[in-house]
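Residue numbers (our numbering): 1 to 226. All C-beta atoms, glycine included, are put in the ideal place defined by N, C-alpha and C. The structure appears right after this line, and notes come after that.
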């Protein structure tokens, strides 16, 4: 088990606080996705008023603050909304990882409307610095994207959307093509005619150039759907 750390939760200044002792590494990973069982993160299965002193919160206190004595619901709320102990090194690592995921998403899903090409990742990162975008180390990257895009729009033009292509491949390549095309976007329709297969795929607009380059390298015909 990783080193136990404390998560502290309070509704506000002057309000009572509650603490959990949780497994550090497992909790950091949980907070990146909010997937899994919060109860499995507990190093000690108690809700504390003061974890260092071993002062356990009473049922009455829990109901007064959380409106329930359901430990699972209380633990989930404290973990997801509380303040967690974290080293500066770990915080920076989480921020770097989330920033990279957000930049990758914008690069793939948005283009410069003037050129209809994706902004380079370095330009997106520079715009984030110019906009003084703050990345939350614990909030899932997907939940921060809309806020980041709103901050970037005054600095770089962004257009999103999808494009649909019909890809024609030899019937013998059908299975392989489905796997490759599925990595780029959503397969909408497919059919086989004789020794050929046609697959309609919808992809993010920012992946268009990369997608067409890949189709060319595979010697598969890709044409825009009407």
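From 92, 119, 115, residue whose alpha carbon lies closest to that of residue 105: 119
Reference residue 206, options 115, 32, 76, 140, closest by Cα: 115
Residue closest to residue 141, alpha-carbon to alpha-carbon, out of 218, 198, 99, 9: 99
Whole-angstrom distance between residue 11 and residue 43, CA atom to CA atom: Cα to Cα, residue 43 sits roughly 23 Å from residue 11.
Residue of 21, 210, 30 minimising C-alpha distance to residue 53: Ranking the options by Cα distance to residue 53, first place goes to 21.
Span separating the alpha-carbon of residue 102 from that of residue 60: Rounded to whole angstroms, residue 102 to residue 60 spans 43 Å at the Cα level.
Reduced DSSP category for residue 27 - H, G, I as helix; E, B as strand; rest coil: It is helical.
Span separating the alpha-carbon of residue 93 from that of residue 170: 45 Å
Straight-line gap, residue 76 to residue 221 (C-alpha atoms, nearest Å): Distance between the alpha carbons of residue 76 and residue 221 is about 50 Å.
Inter-residue Cα distance where the pair is residue 144 and residue 25: 22 Å
When 51, 15, 193, 184 are compared against residue 66, the one with the closest alpha-carbon: 15
Closest Cα partner of residue 162 within the set 69, 216, 96, 111: 111
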